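In numbering that gives the first Met the number 0, the protein residues as written are 0 to 350.
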Amino acid sequence: MNNKIKVIRTKKSKIQDVDFNNFSFGSIFTDHMFECDFINGKWVNPTIKPYQPISIEPSASVLHYGQAIFEGMKAYKDENNEVWLFRPDQNFERINKSAVRMAIPEFPRELFFEALTKLVEIDSDWVKYGEGRSMYIRPFIIGNEYAIQAVPSKNYKFMIICAPATLYYTKKLKVLVADKYSRAASGGVGYAKAAGNYAGQFYPTNLAKEQGFDQVVWTDSNEHSYLEEAGTMNIFFRINNTLITAPTTDTILDGVTRKSIIQIAKDNGINVEVKKLKVEELKNAANNRTLKEIFGAGTAAVVSQIKTFQHKSELFELDEQNDSYAEKLKSILVGIQTNKLVDKHGWRYKV
Ligand SMILES: Cc1ncc(COP(=O)(O)O)c(C=O)c1O
């Protein structure tokens, strides 16, 4: 493997054209991107270059058989202008876990970190300091063999692109608990960050949005009885003073935010139970007012509180909590990510 990354810098940055106080997340990209091809059994030609279109043939395997996986992570800036990543080793491990499941060759650790840090460093002016501000980083791999044969691609493209980010959901959410559609099935690819998992969610999520919901809370595909996760977030329930979240099975994405929240909660004396929770148990807890909070946790949304949920035709609304666990855990998590709080688990990674 030729590990030396070639760097071609843009002649003119686009940053002056961006209004960082007013943009829509995911639609503006930074000046540079990383690209590396898998050809003849090797990852070759690692290059950082100006963000630009890529050229692939119409027969490229990703366009037909959907061999596509991705990651989502963020870079944060502290008040001294230093840039930090949060647990990037977890994203590295997860992209390769996704790769194995989708019959994609794994990407080498050293090159992943070299590419990631070099790209973030080059585009570090795009990482802004301030509440909710960060730069979203999207590594991804696509099958890129030019042949319409239903077999794993021989060639692939690994890329990293970056986008400035601000707060994702700013209001409390209203969610619909799935009782017909499923996101993932046992034995399937739900635990992988495979592009098709998201395509499959769009239609049922649109139906829910038409009814005024922000997101769907997915349940198990066998009986629709157990709560799994929500949109692009893992989900937590506070019943009395215990925080409950589903175990990560093969139908649930093993979220970096989820595992960090569990650890922070434990560090702060909050009782956490990782267990399967039934929709019925949730409804009972809502009816007897022991259900205090529900929130989603994920890189893009950080921690998003859920105020209202509906299952079939029953609607439940949660009361405001003075001692919100969601708020407390979010502020500690963000404090660690942005170098404001002590990082006792060694999660921050300096660029
Ligand atoms: C389906 C799904 N669940 C959960 C998460 C949260 O994972 P993380 O905290 O690693 O962003 C994401 C986002 O990546 C996701 O797409």
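Every residue, glycine too, gets a C-beta built ideally from N, C-alpha and C. Bear in mind the structure is a predicted one, so any value in this text is a computation, not a measurement.
- The shortest CA-to-CA distance from K274 to any of N267, I243, R288 and T289 is the one to I243.
- Judged by the Cβ position, A296 qualifies as a neighbour of ligand 1 at the 7 Å threshold, a heavy atom of the ligand being closer than this.
- For E227, the uninterrupted beta strand (DSSP E) segment begins and ends at L226 to A229.
- At least 8 Å separates the beta-carbon of P45 from that of D30.
- Taking 7 Å as the cut-off, the C-beta of M101 does not count as close to any heavy atom of ligand 1.
- Counted as a single uninterrupted DSSP element, the alpha helix (DSSP H) harbouring Q336 occupies residues Y324 to Q336.
- Apart from sequence neighbours up to five positions away, the residues of its chain that approach H344 with a beta-carbon distance below 7 Å are Q262, ordered along the chain.
- The beta carbon of T231 sits closer than 7 Å to at least one heavy atom of ligand 1.
- Counting only runs of 3+ residues, the beta strand (DSSP E) found wholly inside the stretch 78-131 occupies 82-85, in chain order.
- Between the alpha carbons of K171 and I305 lies a gap of roughly 5 Å.
- Taking the C-beta atoms as reference points, T256 is found no nearer than 8 Å to A191.
- Counting only residues of its own chain and dropping the five nearest sequence neighbours on each side, N90 has a CB closer than 8 Å to the CB of E70, G71, M72, P138 and V255.
- Under the DSSP definition of a beta bridge, F294 partners with F235 and Q304.
- For E105, same chain residues with a beta-carbon under 8 Å away, outside a window of 5 residues either side, are N95, A98 and V99 in chain order.
- Taking 4 residues as the minimum length, the alpha helix (DSSP H) runs contained wholly in the stretch 233-290 are 255-266 and 278-286, in order along the chain.
- Rounded to the nearest whole angstrom, the C-alpha separation of K311 and V176 is 8 Å.
- Annotation: E120 to V82 spans about 8 Å, alpha carbon to alpha carbon.
- Judged by beta-carbon spacing, S323 lies within the 8 Å limit of E292, meaning their Cβ atoms are closer than that value.
- DSSP, read as helix, strand or coil, puts V61 in helix.
- Of N205, D342 and I160, the smallest CA-CA separation from S259 is found for D342.
- G142: member of the beta strand (DSSP E) spanning S133 to G142, first to last residue.
- Between the C-alpha atoms of G186 and P52 there is a straight-line separation of about 36 Å.
- Within 10 angstroms of the beta-carbon of Q15 lie fewer than 16 other beta-carbons, which makes it exposed.
- Annotation for T204 indicates a beta carbon at 7 Å or more from all heavy atoms of ligand 1.
- Contact between the stretch 56-67 and the stretch 142-155 is present: 3 or more CB-CB pairs across the two stretches fall below 8 Å.
- 8 Å or more divides the Cβ of D219 from the Cβ of E209.
- Taken through DSSP and simplified to helix, strand or coil, F19 comes out as coil.
- Y202 counts as exposed, since fewer than 16 other beta carbons sit within 10 angstroms of its beta carbon.
- Annotation for R257 indicates a beta carbon within 7 Å of some heavy atom of ligand 1.
- When rounded, the separation of the alpha-carbon atoms in Q336 and G40 is 37 Å.
- Proximity of the beta carbon of G268 to ligand 1 is not indicated: no heavy atom of the ligand is located closer than 7 Å.
- Checking the 7 Å criterion, the Cβ of L166 is out of range of every heavy atom belonging to ligand 1.
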